[in-house]
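For reference, the structure discussed in these notes is given below.
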Amino acid sequence: MPVAAAQDAKPAALDLPEGAAKSVVVAQCTGCHDLSRILNANHSAGEWRNVVTMMVAAGARLSPAEKDAVARYLIESFPERAKPHPVVIAGQVQVSFREWEVPTPGARPHDPLATPDGALWYTGQMANVLGRLDPSTGAIKEYQLKTPASGPHGLVDDGAGHIWFTANFAGYIGELDPKSGEVKEYQLPGAARDLTPCCSTVMACFGSPCKTPTCSAASIRRPARSSS
Ligand code: HEC
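With the working numbering applied, the sequence shown covers 1 to 228.
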């Protein structure tokens, strides 16, 4: 086989171990990327469940029963392999980490922002929310955005109590008033989202060349624009 062809060879369904949900994986997990994402991954059971939740949030079409079956199949077929352990280097600095679990699984929390009131904000990119953590109590409040699949990403605080964000998938800048939960949207020119929009789900082209058969100009679905 020529070298270039060997390098381009994509893993095929043949590379997947047998199992109850193999056919669902072949049918539902190869539209946006190939199987190398699965074959090269190294995840604990909990991480696999999170991956499947994230993929459903991204647009993978699985019923709740299939979602569970796919997670079980992945957990059984691809058990976690040993990973290198971190090495603690002795020194004068003491560092500790605290973790808070965000309320929506698969939200893909992004871009933490500390505000002067002591809160910590994040964008839940795949769950279409902005979140606010109060580290003193551990309470987290999530604010749902009005345009579906906005894909909120970076955050800034304007010093007057409003939180501004970039809506990565929908192509607008948003301004949240945390007191009322109201979001104002400032639309960007149509091509801001990307240069070659395609696919029936906003996420389908994210990170990898789009391979879905629905990828045609007719299938571009943009969220409705609001005039505010
Ligand atoms: C609608 C598109 C879409 C579908 C369908 C899809 N994925 Fe993904 N997947 C993505 C995107 C986008 C990424 C890259 C996310 C990133 O790396 O930031 C990804 C990344 C991954 C990764 C690597 C990330 C990690 O943490 O290991 C795995 C594994 C994965 N997908 C598994 C699956 C499985 C299993 C299915 C079927 C249930 C599936 N995908 C279906 C869009 C999709």
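Just so you know, even glycine gets a beta-carbon here, dropped at the ideal spot from N, CA and C.
Owing to the predicted nature of the structure, the values given are computational and were not obtained by experimental measurement.
Within 9 Å, strictly: CB atoms of V183 and Y143: Yes; because the gap between Cβ atoms is below 9 Å, this pair is in contact.
C-beta contact flag for V25 and L74 at 9 Å: Against a cut-off of 9 Å, the Cβ pair of L74 and V25 comes out as a contact.
Residue range of the alpha helix (DSSP H) that includes F124: Residue identity check: residue 124 is Gly in the sequence provided, not Phe. For G124, there is no enclosing alpha helix (DSSP H); the enclosing beta strand (DSSP E) covers residues L120 to G124.
Of the listed residues K141, T137, M126 and A139, nearest to P152 (C-alpha basis): Looking at the Cα atoms, M126 is the closest of the given residues.
Under the three-state DSSP convention, the category S219 falls into: Low local confidence applies: a pLDDT of 36 at S219 is under 50, so the model's placement there is unreliable, with the coordinate-based value given in what follows. Helix, per DSSP.
Any 3 or more C-beta pairs closer than 8 Å across the stretch 83-96 and the stretch 132-142: A contact is defined here as three or more CB-CB pairs under 8 Å, and the stretch 83-96 fails this definition with respect to the stretch 132-142.
Sequence-distant residues of its chain with Cβ nearer than 7 Å to A30 (five each side left out): The question names Ala, but residue 30 in the sequence shown is Thr. The beta carbon of T30 sits closer than 7 Å to no other beta carbon from its chain once the five residues preceding and following it are set aside.
DSSP beta-bridge partners of Q144: Q144 is bridged to V129.
Same chain, Cβ closer than 7 Å to T53, five either side skipped, listed in chain order: Result list for T53: P105 and G106, in chain order.
6 Å Cβ shell around K146 - same chain, five flanking residues per side excluded: Hits under 6 Å: V183.
Heavy atom of the ligand HEC within 8 Å of I38 beta-carbon: Yes, the Cβ of I38 comes within 8 Å of a heavy atom of the ligand HEC.
Any chain C beta carbon closer than 9 Å to I89: Here chain C cannot be found, since the structure has a single protein chain.
Among P86, D111 and F78, the one whose alpha carbon lies nearest that of R132: For R132, the nearest C-alpha among the options comes from D111.
Any non-hydrogen atom of the ligand HEC within 8 Å of E76 CB: Relative to the non-hydrogen atoms of the ligand HEC, the Cβ of E76 never comes closer than 8 Å to any of them.
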